[in-house]
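K.L.:
First the structure, then my questions, so here it is.
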């Protein structure tokens, strides 16, 4: 029947995960759907979600050439509609022997309830600089480089460039160090510095020669 190639599980009160089995019975590629329903559901984080997220993975994520693709179907976060295509490609080991990934986001758009829109795209390279010799995520440290561009809520074009690699430690929501520059048309460039390695939610923003500490 139509459901013979599907396996579903409701992981929480908010989301049902459906695994789509391959018709030929092979394990790879894998694809699944996260369905948050047609009405807002409050997740454990306090955010509300509705709609679907579709994920596909061509092969084991640590295997060179493995490609993950993420798309959205009528997906809303706190009543803001999110669109776009995110891909993560395993590009193998670099000259340092570290695992690397190319992460691209295309046609990303966030539409707010009042109709205002923010759009962007970005291309980044992630390098596993610590923890690559184990399969334990807790000791992973990532270095991220790259750039992005888009249009902000005021309708102005902007570019974002990572000037010094952003360093992410497992368990820290924000980068613990690294510097990015944001250039917005008609405005003075802004430099955002994430600090010297502390796992916190603070960063410094410098513009017009003045620096202030912000909460992320």
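In the numbering used here, the protein residues as written are 1224 to 1439. Quick reminder that beta carbons are idealized off the backbone N, C-alpha and C, glycines included. Since the model is a prediction, treat every value here as computed from it, not as a measurement.
Kindly say whether residue 1243, judged by its beta-carbon, lies nearer than 8 Å to any beta-carbon of chain B.
P.N.:
Among the protein chains of the structure shown there is no chain B, as only one such chain exists.
K.L.:
Would a C-beta distance cut-off of 8 Å place residue 1359 and residue 1323 closer than the cut-off?
P.N.:
Along the chain shown, read from residue 1 onward, the residue named residue 1359 stands at position 136. Along the chain shown, read from residue 1 onward, the residue named residue 1323 stands at position 100. In this structure, residue 1323 does not lie closer than 8 Å to residue 1359 by Cβ.
K.L.:
Between which two residues does the beta strand (DSSP E) containing residue 1316 stretch?
P.N.:
On the chain shown, position 93 is the one that residue 1316 refers to. Taken as a continuous stretch (DSSP letters only), the beta strand (DSSP E) holding residue 1316 covers 1303-1316.
K.L.:
Along the chain, where does the beta strand (DSSP E) that runs through residue 1388 open and close?
P.N.:
Sequence index remark: in the chain shown, residue 1388 carries index 165 (1-based). Note, residue 1388: beta strand (DSSP E), 1380-1392.
K.L.:
Rounded to the nearest angstrom, what separates residue 1256 and residue 1313 at their Cα positions?
P.N.:
Translated into positions along the chain shown, residue 1256 becomes position 33. Translated into positions along the chain shown, residue 1313 becomes position 90. When rounded, the distance between both Cα atoms is 22 Å.
K.L.:
What does the alpha-carbon distance come out to for the pair residue 1280 and residue 1249?
P.N.:
One-based indexing of the chain shown puts residue 1280 at position 57. One-based indexing of the chain shown puts residue 1249 at position 26. Using only the alpha carbons, I get a separation of about 13 Å.
K.L.:
According to the Cβ coordinates, are residue 1402 and residue 1416 closer than 8 Å?
P.N.:
One-based indexing of the chain shown puts residue 1402 at position 179. One-based indexing of the chain shown puts residue 1416 at position 193. Yes. Within cutoff.
K.L.:
Which residues mark the beginning and the end of the beta strand (DSSP E) in which residue 1285 is found?
P.N.:
By 1-based counting over the chain shown, the position of residue 1285 is 62. First-last for residue 1285: undefined, no H or E at that position.
K.L.:
Specify the secondary structure class of residue 1295 as computed by DSSP and reduced to three states.
P.N.:
Here the question's residue 1295 lines up with position 72 in the chain shown. Strand.
K.L.:
Can you look up residue 1362 in the DSSP assignment and give me helix, strand or coil?
P.N.:
By one-based count along the chain shown, residue 1362 stands at place 139. Residue 1362 falls in the helix class under three-state DSSP.
K.L.:
Out of 1242, 1303 and 1421, which has the shortest C-alpha to C-alpha gap to residue 1272?
P.N.:
Within the chain shown, numbered from 1, the residue matching residue 1272 stands at position 49. Nearest C-alpha to residue 1272: 1303.
K.L.:
Contact check, residue 1391 vs residue 1367 under 8 Å by CB: the rounded distance?
P.N.:
Reading the chain shown from its first residue, position 168 is the one you call residue 1391. Reading the chain shown from its first residue, position 144 is the one you call residue 1367. Right, the Cβ-Cβ distance comes to about 7 Å (below 8 Å), so this counts as a contact.
K.L.:
Ignore the nearest five residues each way along the sequence and tell me which others in residue 1267's own chain have a CB closer than 6 Å to its CB.
P.N.:
Counted from its first residue, the chain shown places residue 1267 at position 44. Result list for residue 1267: empty, nothing under 6 Å.
K.L.:
On the DSSP bridge list, what partners appear for residue 1264?
P.N.:
On the chain shown, residue 1264 is found 41 positions in, with the first residue counted as 1. According to DSSP, which records beta bridges pairwise, residue 1264 is partnered with 1272.
K.L.:
Please state whether DSSP places residue 1367 in a helix, a strand or coil.
P.N.:
Within the chain shown, residue 1367 is the residue found at index 144, counting from 1. Residue 1367: strand per DSSP, three-state reduction.
K.L.:
Where does residue 1251 sit, in a helix, a strand or coil, going by DSSP?
P.N.:
One-based indexing of the chain shown puts residue 1251 at position 28. Correct three-state label for residue 1251: coil.
K.L.:
Can you give me the Cβ contacts of residue 1251 inside the same chain, cut-off strictly under 6 Å, excluding the 5 residues immediately before and after it?
P.N.:
Numbered from 1 along the chain shown, position 28 holds the residue referred to as residue 1251. Result list for residue 1251: 1282, in chain order.
K.L.:
Does residue 1259 pass the burial test, meaning 16 or more other C-beta atoms within 10 Å, or should it be called exposed?
P.N.:
Position 36 of the chain shown holds residue 1259. Classification for residue 1259: buried.
K.L.:
How big is the Cα-Cα spacing for residue 1265 and residue 1414?
P.N.:
In the chain shown, residue 1265 corresponds to position 42, counting from 1. In the chain shown, residue 1414 corresponds to position 191, counting from 1. Using only the alpha carbons, I get a separation of about 35 Å.
K.L.:
Judging by CA-CA distance, which residue of 1431, 1316, 1381 and 1362 is the nearest neighbour of residue 1345?
P.N.:
In the chain shown, counting from the first residue as 1, residue 1345 sits at position 122. Considering only alpha carbons, the answer is 1381.
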